[in-house]
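Protein chains in written order, with our numbering: chain A, 10 to 292; chain B, 22 to 129.
For each residue, glycine too, the CB sits at the ideal point set by N, CA and C.
Here is the structure:
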């Protein structure tokens, strides 16, 4: 398959509404322009973004949707690892137990891949998007699309080498060792997938908005209580209460600004705006 | 009701590609391929299809650019009146920043 074929395959996965409007043009551009490997990363990132936008636009409860999106990276990381491990396990079943030389070659290849992987990570880290709009720690998409298959091969190779081997005696129990490896690999895969889609950042922004709104509501009740006390001639800390409302309003606005930076503000604006106007009417 | 957004900063990671697209459309309508060629020539940056159409979709949503009738698979876009105002405002602010920066460098 050529890069162009891959690019067309990715475009086919974009949401139907987007394809109806832009597919012919993008396909034309893919055919006319020289498509490079890095463009696949860009298209993949666009695919995640447009899918998320579609999901969020049609969702009745954007906070719940954002939570789902926030969990997408770790879940996708786990599925990715499972697939890689199963591939290795299946290969092992076909090939049978490896000879000492086979194990040596497989292990060496896995270690070399691991070294190249971390060199790429380090280079990608230096080139990462440092603007506020980028999710923290996200790598450039063109680096991620190369690193993900490498990670897949590494995990599959380890599965080929390790599956079916008797557990060797060691200070650390083998099950703990496996759980640790799984955790490290899942974190790496989840982090790479997060670079293609800022689900974690979205989740964080929505959690902050939700928390700040709860604080504002509770402090508004405090303000009301203070005013009632003052009207009865009882001294009360009204200024402190007002300061708390102000503080959490700033927190909420800053979380909204973060959403805006991520490019989702326009989609959520209707819901957040309605909620605000409802509160203004109530007060 | 559609809110009027008057700053390119609202486009997040698409703000720079959007600026390049608007600059490219400033001298007349262009389709996607012509835009990528023009942008590469002007800025040295090659916009991939994902970024280009991500930015085009957002610019269209805000009615800063509009699509013209398609010619085969190519659809030209042109700047709207609102888009021209936004572009002018952004270029003015960049010009002011460049002037201040150059003046400070000259003081060194």
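Whether residue i touches residue j by CB criterion (8 Å)
i                     : j                     : result
residue 47 (chain B)  : residue 115 (chain B) : no
residue 194 (chain A) : residue 164 (chain A) : yes
residue 49 (chain A)  : residue 15 (chain A)  : yes
residue 118 (chain A) : residue 166 (chain A) : yes
residue 127 (chain B) : residue 79 (chain B)  : no
residue 36 (chain A)  : residue 95 (chain B)  : no
residue 44 (chain A)  : residue 13 (chain A)  : yes
residue 68 (chain B)  : residue 41 (chain B)  : yes
residue 129 (chain A) : residue 155 (chain A) : yes
residue 115 (chain A) : residue 107 (chain A) : yes
residue 99 (chain B)  : residue 87 (chain B)  : yes
residue 70 (chain B)  : residue 90 (chain A)  : no
residue 235 (chain A) : residue 252 (chain A) : no
residue 20 (chain A)  : residue 29 (chain A)  : no
residue 264 (chain A) : residue 217 (chain A) : yes
residue 170 (chain A) : residue 112 (chain A) : yes
residue 125 (chain A) : residue 159 (chain A) : yes
residue 86 (chain A)  : residue 199 (chain A) : yes
residue 147 (chain A) : residue 136 (chain A) : no
residue 201 (chain A) : residue 157 (chain A) : yes
Neighbouring residues, chain A, relative to residue i (Cβ below 8 Å)
i                    : result
residue 57 (chain B) : 38, 42
residue 53 (chain B) : 34, 35, 37, 38
Interface residues of chain A facing residue i [CB-CB closer than 7 Å]
i                    : result
residue 96 (chain B) : 34
Partners in chain B for residue i, counting only beta-carbon separations shorter than 8 Å
i                     : result
residue 51 (chain A)  : 69, 70, 71, 72
residue 31 (chain A)  : 74, 77, 78
residue 137 (chain A) : The premise fails here: residue 137 (chain A) is roughly 13 Å from chain B at the closest Cβ pair, so nothing lies under 8 Å.
residue 47 (chain A)  : 69
Contact test: residue i Cβ vs the ligand HEM heavy atom, cutoff 7 Å
i                     : result
residue 189 (chain A) : With respect to the ligand HEM, the structure shown offers nothing to examine, as it has no ligands at all.
Chain B residues whose Cβ lies nearer than 7 Å to that of residue i
i                    : result
residue 58 (chain A) : 75
Member of the options whose CA lies at the smallest distance from the CA of residue i
i                     : options                    : result
residue 214 (chain A) : A:113, A:56, A:262         : A:262
residue 101 (chain A) : A:202, A:168, A:189, A:147 : A:168
residue 35 (chain B)  : A:41, A:40, A:11, A:54     : A:54
residue 24 (chain A)  : A:171, A:52, A:158, A:11   : A:52
residue 205 (chain A) : A:190, A:229, A:34, A:149  : A:149
residue 59 (chain B)  : A:134, A:42, A:46          : A:42
residue 101 (chain B) : B:43, B:112, B:32          : B:43
residue 133 (chain A) : A:47, A:245, A:121         : A:47
residue 64 (chain B)  : B:97, B:111, B:90, B:37    : B:37
residue 191 (chain A) : A:84, A:56, A:58, A:80     : A:84
residue 248 (chain A) : A:81, A:232, A:185         : A:232
residue 81 (chain A)  : A:189, A:61, A:93          : A:61
residue 34 (chain A)  : B:110, B:92, B:112, B:49   : B:92
Neighbour list for residue i in chain B, Cβ cutoff strictly below 9 Å
i                     : result
residue 262 (chain A) : Those within 9 Å of residue 262 (chain A) in chain B number zero; the least Cβ separation is about 14 Å.
residue 55 (chain A)  : 69, 70, 71, 72, 74, 75
residue 13 (chain A)  : Correct list: empty, because the minimum Cβ distance to chain B is about 11 Å.
Which residues DSSP lists as bridging residue i, in chain order
i                     : result
residue 100 (chain B) : B:86
residue 81 (chain B)  : Answer is none; residue 81 (chain B) lacks a bridge partner.
residue 51 (chain B)  : B:98
residue 92 (chain B)  : B:95
Neighbour list for residue i in chain A, Cβ cutoff strictly below 9 Å
i                     : result
residue 124 (chain B) : Those within 9 Å of residue 124 (chain B) in chain A number zero; the least Cβ separation is about 26 Å.
Contact between the segment 117-127 of chain B and the segment 79-96 of chain B is defined here as three or more beta-carbon pairs at a separation below 8 Å; is this criterion met? With a cut-off of 8 Å, the segment 79-96 of chain B and the segment 117-127 of chain B do not count as touching, because too few Cβ pairs lie within range.
Within 8 Å, do at least three Cβ pairs link the segment 36-53 of chain B to the segment 68-75 of chain B? Contact between the segment 68-75 of chain B and the segment 36-53 of chain B is present: 3 or more CB-CB pairs across the two stretches fall below 8 Å.
Any 3 or more C-beta pairs closer than 8 Å across the segment 252-259 of chain A and the segment 217-228 of chain A: Contact between the segment 252-259 of chain A and the segment 217-228 of chain A is present, because at least three Cβ pairs lie under 8 Å.
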